[in-house]
Amino acid sequence: MLPDYLGQILTRKGGKRLLDAHSPRRILDRPPRFRDFPRIDLDRCVVCGACADACPVGEAENQPPALEMGDRGPVLHRERCIRCGLCAEVCPVGAIEVGTLAEEVKERVVPSKPARVVVDRDLCVGCGRCQEVCPSDAIEVDETASVDPERCVLCERCIQACPVAGAIKLIPLDVEELARRWTEHLKEALRRAREG
Amino acid sequence: MERRREGRDASPRGNVRVVDVETGEEVPISHKVPVGPNHPILKEPLRIKLAVRGEEVVDCKVEMGYCHRGIERIMEGMPWQKAAFLAERVCGICSHAHNMCFIGGVERTAEGEPAPRGLFLRVLVQELDRIQSHLIANAAYFYSIEHETMFVWNMNTRERVLDCIEEITGNRILTGWNVVGGVRVDVTEDQLERVLETLEKVEEDVKAYRRIAQTDPLIKLRSRGVGVITKEHVRRYRVVGPQARASGVPESDMRLQEPVYPELGFKPVSRKRGDNLARILVRYDECLQSIDLIERIVDELPEGEHRRELEIRGGHVDHRVEAPRGELVYDMELTQGGVVRRVTIRTPSVPNIRVLEAIAPGAPTIADAVAVYASLDPCVACNERFVIVDRDRGEILYEGRAREVMRECSRTTSGRS
Amino acid sequence: MRSLLKRLKGFVRSRSIHVTVVNTGGCNGCDIEILACYTYRYDLEQYGIYYHNNPRKSDVLIVTGPVTYQWREKLERLYRKVPEPKAVVAVGACACSGGIFNQEGGRVCGPVREIIPVDAEVPGCPPRPEEIVSAIVEVVPRLFRAWEFRRGSEHGAEAGG
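Laid out in structure tokens, this is it:
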């Protein structure tokens, strides 16, 4: 790694600070709030996928996303990571560490989700299996189950665990539909601008 | 002689008529000196085409477009939590202003007010960011006139300011500091004290640099009267930021209309000359003013929470912030919950670089033209914005017209949801 | 005798390096951090590494930023202009992988290593100056020290492509 004399002049007696760098701390020390690459503790991970959802670096044609969900937990691709620290903020169990950020940010950030988990009350039998498997305690069962959208991490485990087909559904908030309408409106407006 | 002629004739476009010294006849020449896209002065890719007559610059064209990454398109369909990081990466130097403008725009569509302590802390980091940005702008200018001592001194002082930013936010640049409703992490008394301590030294330094810039004969030779932006230029090219304030337009400061600054008794600085030296001095003045503002912010920092949960209702919003380089506009369309539907960014560097086409001709040497460019504090990464092309007709809709189209679109879509 | 000469050449070469910084369309955060490496605090010049933005005279290309479509051909051309022992260091998440811009909707053509051969990569957005300094100081002199011995074989073939 870097020599200790960084920012110093080498003399026979060792490093000497001729040019004052005006810094109270040593150069190689990192500040307490510095956001380094996330350290992932796979033992504590519940494989909910919240970090991968929150990560702003998405998938590209030739590149994986910065945080990819594997079987055992998220896999970090260092060359993709931008060190924003969102993954540590959203982790429900505190398995990701980015400096002291997760402790200092008291409120959990809830990313706006691309979809919503909805329970069909007519079909639900209130067995409580979904509550057992939920990693973020988002489901409460009281005659029928109800989902707290704030805490839900969209892991879809409840859907897998549910004995009644179609009782718990994942409803996407349609982004593509929005985009399609947007193009239509753009064309319309262009046409109007040309005429008017 | 013969060869030189040939070279001139072969060069394209002769819109400048010059009399040949030796023969006395008028020959159409236009020596073109391309600067960039990779050049020592340009930290970022941009091409400046200078037409010169000997050493004198007679014409200047700026060619942008090397940095187009499609940020506005990537942002579409992203929730604000992610898009804030993308907004920050429009520009690395004034990153905090972009982040603040984006988040401020989102907050305006939300129900309820953001936490006052959060707003003050946001402004605190913004002013620190302004100091470091101005210092690096001046450093780049001094580098362009080959005054390396001042370059290194300015950069060195900037390191101290970066220490302050690092102390508060955790990162040197690209801080990721703002969230809807306030700021990410609260600050402690110790940190504020250390920031003030460091800023005392910074203030001494900046005062010394300002004195040197005012009195040094070499700097004066290269800077006074070079690259004058008149009020006419300001009006015509819509120059913003310190560049406009150096030409005697203090009203161009958007901080007058931002929430926290009136409580701090903010008054913009301005100078009248409008040349390179005035721009440098205005930046130093603003650094000192920012230090004052930071001291007042620390004094008047309200107690309480640093962040509030707000519910975002969505809609069309147009938010402006005074970035270190001038007025920054985010024109956004949001859905409920804060997913970005469409965003248009207008950055201050576009008009500031365009004015180079007006003021570089007349510069006595090519080196002066480059110095003028550096004194405009250009940020090329900001520059690459969209162009709307009418595909059926194959013509480009220019900014005003394009904006109309975008407005029209937002109106029709916001009625739908 | 010849090997001694070669070793001497390599030693001298590794102690005097000129770098060119190329921003291929990034947000210029990394450029600023590289510039900060030249201030007193980090002082890259004490290792004999000089900032010299002329590709024809330099040994190392430092590339920052995702490569935009406008830069693609220009970057290849720039790489060919650098004289032979040469090294490329990709600094920042953008140069290493396209970063945050290389996703759906972005107009970038991928990481630098798919366009020109890259010798070292520094991840981070932006990397801290000491990370940049350590990468350049660790990797680059090593490349040049052994170059005389590798000259005939692989490096020559690589330069052709």
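So the protein lines, in turn, are chains A, B and C.
Sequential numbering of the first sequence, starting at -3, is according to the numbering used here.
Sequential numbering of the second sequence, starting at 8, is according to the numbering used here.
Sequential numbering of the third sequence, starting at 30, is according to the numbering used here.
Glycine residues also receive a C-beta, built at the ideal position from the N, C-alpha and C atoms.
Just so you know, these numbers come straight off a predicted model, no measurement behind them.
| Pairwise C-alpha distance: cysteine 47 of chain A and arginine 353 of chain B | 32 Å
- Are the segment 83 to 100 of chain B and the segment 126 to 134 of chain C touching, with three or more C-beta to C-beta distances below 8 Å? yes
Would you verify that the beta carbon of glutamine 296 of chain B is, or is not, closer than 8 Å to some beta carbon of chain A? no
Cβ distance (whole Å) where isoleucine 143 of chain B is taken to contact isoleucine 100 of chain B below 8 Å
6 Å
Leucine 186 of chain A (DSSP reduced to helix, strand or coil)
helix
task = Give a yes or no on whether 8 Å exceeds the smallest Cβ distance from phenylalanine 30 of chain A to chain B.
result = Nearest CB-CB separation between phenylalanine 30 of chain A and chain B: below the 8 Å threshold.
| request: Output the distance between the C-alpha atoms of leucine 119 of chain A and proline 88 of chain A, rounded to the nearest integer angstrom. | output: 29 Å
Margin query: Distance cutoff 8 Å, beta carbons only. Does isoleucine 129 of chain C sit that close to anything in chain A?
Written below: With 8 Å as the cut-off, isoleucine 129 of chain C counts as an interface residue toward chain A.
Practice task
Could you tell me whether the segment 79 to 87 of chain A touches the segment 124 to 132 of chain A, where touching means 3 or more Cβ pairs closer than 8 Å?
Solution key: Taking a cut-off of 8 Å for Cβ pairs, the segment 79 to 87 of chain A and the segment 124 to 132 of chain A do not touch, as fewer than three such pairs fall below it.
So, at 7 Å on beta carbons, what are the nonlocal neighbours of threonine 116 of chain B in its own chain, with the 5 sequence-adjacent residues on each side left out?
Ile319, Arg320, Gly321, Gly322, Val324 and Leu341
Notebook entry, point to check: Looking at chain A, which residues of the segment 132 to 147 of chain C have a Cβ within less than 7 Å of any of its Cβ atoms?
Noted result: Gln132, Glu133 and Gly139
Determine, for valine 53 of chain A, whether the minimum Cβ-Cβ distance to residues of chain C falls below 8 Å. yes
Hey, how far is the Cα of arginine 109 of chain C from the Cα of glutamine 75 of chain C? 28 Å
Residues of the segment 149 to 183 of chain C with Cβ closer than 9 Å to any Cβ of chain B, in chain order | Within the segment 149 to 183 of chain C, the qualifying residues are Cys154, Pro155, Arg157 and Pro158.
Would you say cysteine 80 of chain A reaches chain B, if we count a Cβ-Cβ gap shorter than 8 Å as a contact? The beta-carbon of cysteine 80 of chain A is placed less than 8 Å from the nearest beta-carbon of chain B.
- request: Excluding the 5 residues preceding and the 5 following tyrosine 73 of chain B in the sequence, name in chain order all residues of the same chain whose CB lies nearer than 7 Å to its CB.
  value: Pro44, Pro52 and Leu53
Within 10 angstroms of the Cβ of cysteine 294 of chain B, are there 16 or more other Cβ atoms? Answer buried if so, exposed if not.
buried
If you reduce the DSSP assignment to three classes, tell me which class proline 107 of chain A lands in. In this predicted model, proline 107 of chain A has a pLDDT of only 49, less than 50, meaning its place in the structure is not dependable; the value taken from the coordinates is given anyway. In the structure shown, proline 107 of chain A sits in coil (DSSP, three-state: anything other than H, G, I, E or B).
- Return the chain-ordered list of same chain residues with a C-beta closer than 6 Å to the C-beta of proline 170 of chain C, the five sequence neighbours on each side being excluded. Within the same chain, proline 170 of chain C has close Cβ partners Ser43.
Counting only beta-carbon atoms, is leucine 37 of chain C nearer than 8 Å to chain A? no
query: Roughly how many angstroms separate the alpha carbons of alanine 93 of chain C and cysteine 56 of chain C, rounded to a whole number?
result: Residue 93 of chain C is actually threonine in this sequence, not alanine. Their backbone Cα atoms lie some 9 Å apart in a straight line.
What are the boundary residues of the alpha helix (DSSP H) that arginine 290 of chain B is part of? 283 to 307
Collapsed DSSP secondary structure at alanine 146 of chain B in the structure displayed: helix
### Message
Please classify asparagine 145 of chain B as buried or exposed, where buried requires at least 16 neighbouring CB atoms within 10 angstroms.
### Response
buried
Worksheet item: Any heavy atom of the ligand ATP closer than 7 Å to the CB of glutamate 160 of chain C?
Response: The ligand ATP is not part of this structure, which contains no ligands at all.
| task | Would you mind telling me which residues of chain B sit closer than 7 Å to glutamate 100 of chain A, beta carbon to beta carbon, in chain order? | result | Val192
Practice task
Mark threonine 439 of chain B as exposed unless 16 or more other C-beta atoms lie within 10 angstroms of its C-beta, in which case mark it buried.
Solution key: This structure cannot speak to residue 439 of chain B, because chain B is shown only from 8 to 424.
message: Along the chain, where does the beta strand (DSSP E) containing alanine 119 of chain C start, and where does it finish?
response: For alanine 119 of chain C, the enclosing beta strand (DSSP E) starts and ends at 116 to 120.
Give a yes or no on contact between the segment 197 to 204 of chain B and the segment 104 to 122 of chain B, applying the rule of three or more CB pairs nearer than 8 Å. no
- Task: Give a yes or no on whether the minimum CB-CB distance between cysteine 125 of chain C and chain A is below 8 Å.
- Result: yes
Handout entry: Coil, strand or helix - valine 168 of chain B by DSSP
Key = helix
- Looking at the C-beta of glycine 90 of chain A, does it have a partner C-beta in chain C at a distance below 8 Å? It does not; no Cβ of chain C falls within 8 Å.
Taking 8 Å as the CB-CB limit, is methionine 261 of chain B close to chain C? no
- Distance, Cα to Cα, glutamate 207 of chain B vs arginine 157 of chain C? It is roughly 25 Å from the alpha-carbon of glutamate 207 of chain B to the alpha-carbon of arginine 157 of chain C.
Exercise. If contact means a Cβ-Cβ distance below 8 Å, which residues of the segment 60 to 73 of chain C contact chain B?
Worked result: In summary, the residues of the segment 60 to 73 of chain C whose CB is separated from some CB of chain B by less than 8 Å are Asp60, Ile61, Glu62, Leu64, Ala65, Tyr67, Thr68, Tyr69 and Arg70, in the order they occur in the chain.
#### Entry: Residues sharing a beta bridge with proline 86 of chain B, DSSP
B:Val346
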